[in-house]
Amino acid sequence: MVLSDQEAQFFVNTIKNTSGYDFSEYSEKSLKRRLQKILIDNNTDLLGLINKLKTNKSFLEKTVRDITVNTTELFRDPQIWQTLRYRILPEFSENRNINIWHAGCSTGQEVYSMMILLNELGLLDKAKIFASDLNTDALEAAKKGNYKYRFNIGYLDNFDKVIKENPYNYEEYNDVPYSKYFKIDKVSDSIQINDFLRQKPIFRQHDLVHGGNLYFAKFDLILCRNVIIYFKYSLQNKVFKLFHDHLYTKGLLVLGMHETMLGEITSQFDKKGQAYQKK
Amino acid sequence: MYKAVVIGGSAGSFQVITKILNSLPINFPLPVLLSLHRLKHVRSGFVEALSIKSSIPIVEPYDKENIKPGKGYLAPANYHMYIELNKRIALSTEEPVNHSRPSIDLTFETAAQAYRDKLIGIILSGANRDGANGLKKLKQAGGLAIVQDPNECQVKTMTEASLNLTSVDHIFTTEQIIKFLLNLK
Numbered sequence: 049m050v051l052s053d054q055e056a057q058f059f060v061n062t063i064k065n066t067s068g069y070d071f072s073e074y075s076e077k078s079l080k081r082r083l084q085k086i087l088i089d090n091n092t093d094l095l096g097l098i099n100k101l102k103t104n105k106s107f108l109e110k111t112v113r114d115i116t117v118n119t120t121e122l123f124r125d126p127q128i129w130q131t132l133r134y135r136i137l138p139e140f141s142e143n144r145n146i147n148i149w150h151a152g153c154s155t156g157q158e159v160y161s162m163m164i165l166l167n168e169l170g171l172l173d174k175a176k177i178f179a180s181d182l183n184t185d186a187l188e189a190a191k192k193g194n195y196k197y198r199f200n201i202g203y204l205d206n207f208d209k210v211i212k213e214n215p216y217n218y219e220e221y222n223d224v225p226y227s228k229y230f231k232i233d234k235v236s237d238s239i240q241i242n243d244f245l246r247q248k249p250i251f252r253q254h255d256l257v258h259g260g261n262l263y264f265a266k267f268d269l270i271l272c273r274n275v276i277i278y279f280k281y282s283l284q285n286k287v288f289k290l291f292h293d294h295l296y297t298k299g300l301l302v303l304g305m306h307e308t309m310l311g312e313i314t315s316q317f318d319k320k321g322q323a324y325q326k327k
Numbered sequence: 017m018y019k020a021v022v023i024g025g026s027a028g029s030f031q032v033i034t035k036i037l038n039s040l041p042i043n044f045p046l047p048v049l050l051s052l053h054r055l056k057h058v059r060s061g062f063v064e065a066l067s068i069k070s071s072i073p074i075v076e077p078y079d080k081e082n083i084k085p086g087k088g089y090l091a092p093a094n095y096h097m098y099i100e101l102n103k104r105i106a107l108s109t110e111e112p113v114n115h116s117r118p119s120i121d122l123t124f125e126t127a128a129q130a131y132r133d134k135l136i137g138i139i140l141s142g143a144n145r146d147g148a149n150g151l152k153k154l155k156q157a158g159g160l161a162i163v164q165d166p167n168e169c170q171v172k173t174m175t176e177a178s179l180n181l182t183s184v185d186h187i188f189t190t191e192q193i194i195k196f197l198l199n200l201k
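Chains as they are written, first to last, in the working numbering: chain A, 49 to 327; chain B, 17 to 201.
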């Protein structure tokens with residue numbers, strides 16, 4: 049079963065007309081794939097789905113959550129976290145405050161990765177951590193900070209690379225125990241983030257499509273990783289503009305490893321390795 | 017007449033793919049889309065390893081990157097690589113499909129939608145069934161389906177799965193694949 053462009057459009061329009069959500073500027077391929085999966089999971093066809101969306105508010109909310117992609121890891125792409133640790137975050141050490149926004153934080157792994165780094169650098173106390181996502185289920189999971197152990201065993205490798213090893217000095221080794229930040233319970237198959245980290249971030253639901261700054265703050269650092277790959281170019285640029293408006297001058301935007309800024313907006317930033325610095 | 021080549025491979029395909037990339041002329045007229053499984057811990061270094069042997073430039077593309085002829089696009093570790101209808105790359109971190117991310121099926125399927133009958137698809141050695149569905153869809157869209165000769169494959173699961181699902185245009189050895197690609201205008 050392959051959905052036509054018109055069918056996908058029909059779905060997008062229905063959501064748009066019956067709720068505040070707008071997927072019309074989402075990348076087509078992944079949106080269609082998600083939609084197809086939703087049809088299969090609900091054992092229905094497009095018309096059946098549309099009818100249910102129109103009449104059942106909580107089903108609509110669930111469908112919106114199912115459309116969004118929520119894969120994330122602790123210290124995904126260790127090299128970017130190494131760069132943050134040794135090249136980027138130390139630059140903020142003289143700041144009185146450090147405001148950080150995780151836009152599209154999903155289930156929170158990168159929020160905790162950032163706080164672990166800040167703590168190792170002695171910067172956690174002066175940091176304010178804001179984290180937002182469209183998906184309320186993902187946000188609830190983020191607040192809990194509880195992840196499967198066996199499925200996520202790669203977290204530990206990533207942690208070792210970023211926290212224990214120093215890629216710029218191979219002789220350095222920081223024997224930081226995992227228990228400093230999370231509790232591993234192999235029997236119940238869980239990694240539980242420690243409370244002092246869990247209690248710090250301000251988690252809020254936020255839809256990047258609508259823009260706006262729900263925190264009424266400016267930021268030194270915005271992380272938005274593997275979010276804009278699901279957006280069309282037009283929406284990407286709106287989101288970059290939003291970030292630009294809410295960064296301090298010299299503030300930094302960090303995207304996913306394979307995400308990049310294209311078009312006019314690039315003139316407003318300096319590219320610094322993996323990060324974009326507001327001019 | 018063809019506009020792109022898409023290649024899928026898994027266990028046992030590395031040497032084949034490097035041989036192919038090494039044999040292409042610098043001015044190869046088509047883009048080469050590569051969806052290759054790699055070992056979990058091999059996250060970086062793969063594109064460099066391929067580049068050393070390749071006569072055309074190989075990149076792990078950025079999302080929305082324009083696809084250009086004479087260049088190789090390797091699906092980055094841990095991402096699915098889709099081809100959008102406007103001939104741009106789209107990356108995704110959606111769940112693995114058949115335990116695979118990148119999923120060869122997804123690259124083939126979306127490339128087939130973008131290039132229709134102007135696409136050549138090649139399935140190489142591999143230890144699972146990924147790619148079989150993608151090659152089928154490529155063939156249904158009018159593309160040209162090629163499978164590496166299973167007798168030559170280090171692991172033949174993937175090529176045999178493809179052959180079971182699709183009556184392909186050619187079953188080629190590595191040398192024949194190279195010869196075929198060199199004859200493309």
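For glycine and all other residues, C-beta sits at the position ideal for the given N, C-alpha and C.
None of these values were measured; they are calculated from a predicted model.
- Using a Cβ distance threshold of 8 angstroms, residue 123 of chain B and residue 49 of chain B count as a contacting pair.
- Rounded to the nearest whole angstrom, the CA to CA distance from residue 63 of chain A to residue 115 of chain A is 11 angstroms.
- Residue-level contact check: residue 327 of chain A does not touch chain B, since none of the beta carbons of chain B fall below 8 angstroms from its beta carbon.
- Contact of residue 75 of chain A with chain B is assigned, a C-beta pair being separated by under 8 angstroms.
- Unbroken beta strand (DSSP E) runs of no fewer than 3 residues, entirely contained in the region 66-153 of chain B, are found at 88-90, 96-99, 105-108, 135-139, following chain order.
- Counting only the Cα atoms, residue 155 of chain A lies some 46 angstroms from residue 188 of chain B.
- Straight-line measurement puts the Cα of residue 180 of chain A at about 39 angstroms from the Cα of residue 73 of chain B.
- Each of A:146, A:274, A:112, A:327 was checked against the Cα of residue 289 of chain A, and the nearest Cα belongs to A:327.
- DSSP places residue 147 of chain A in the strand class (E or B) of the three-state scheme.
- For residue 306 of chain A, the neighbours in chain B by C-beta distance under 8 angstroms run, in chain order, 76, 77, 78, 79, 92, 95, 107.
- The Cβ atoms of residue 193 of chain A and residue 240 of chain A lie closer than 8 angstroms to each other.
- At a beta-carbon threshold of 7 angstroms, the residues of chain B lying near residue 274 of chain A are 109, ordered along the chain.
- Per DSSP, reduced to three states, the secondary structure at residue 264 of chain A is coil, with no helix or strand assignment.
- Straight-line measurement puts the Cα of residue 199 of chain A at about 35 angstroms from the Cα of residue 140 of chain A.
- Scanning the region 133-188 of chain A from its first residue to its last, the whole beta strand (DSSP E) runs of 3-plus residues come out as 146-151, 175-181.
- For residue 34 of chain B, the nearest beta carbon of chain A is not closer than 8 angstroms to its own beta carbon.
- In the structure shown, the three-state DSSP call for residue 178 of chain B is helix.
- When DSSP states are grouped into helix, strand and coil, residue 56 of chain A belongs to the helix group.
- Look at residue 242 of chain A here: in three-state DSSP terms it is coil, with no helix or strand label.
- Under the DSSP assignment, residue 51 of chain B falls in the beta strand (DSSP E) whose first and last residues are 48-52.
- Looking at the backbone, the Cα of residue 225 of chain A and that of residue 98 of chain A are separated by about 51 angstroms.
- Under the three-state reduction of DSSP, residue 70 of chain A is assigned to coil, being neither helix nor strand.
- Of the residues B:114, B:96, B:85, B:92, the one whose Cα lies closest to the Cα of residue 103 of chain B is B:85.
- Sequence-distant Cβ neighbours of residue 70 of chain B in its own chain, meaning closer than 8 angstroms and more than five residues away, are 34, 37, 38, 40, 88.
- For residue 134 of chain A and residue 319 of chain A, the gap between their C-alpha atoms comes out near 17 angstroms.
- Taking a beta-carbon distance threshold of 8 angstroms, residue 81 of chain A counts as an interface residue toward chain B.
- Per DSSP, reduced to three states, the secondary structure at residue 213 of chain A is strand.
- Contact between the region 270-281 of chain A and the region 145-155 of chain A is present: three or more C-beta pairs spanning the two stretches fall below 8 angstroms.
- Residue contact with chain B for residue 117 of chain A: present (Cβ-Cβ distance below 8 angstroms to some residue of chain B).
- Taking 8 angstroms as the CB threshold, residue 100 of chain B lines the interface with chain A.
- Leaving aside the five residues that flank residue 297 of chain A on each side, the residues in its chain whose CB is nearer than 8 angstroms to its CB run, in chain order, 326, 327.
- Residue pairing of residue 306 of chain A in beta bridges, as defined by DSSP: absent, with no partner found.
- When rounded, the separation of the alpha-carbon atoms in residue 157 of chain B and residue 146 of chain B is 18 angstroms.
- Comparing alpha carbon positions, the residue from B:99, B:93, B:66 closest to residue 22 of chain B is B:99.
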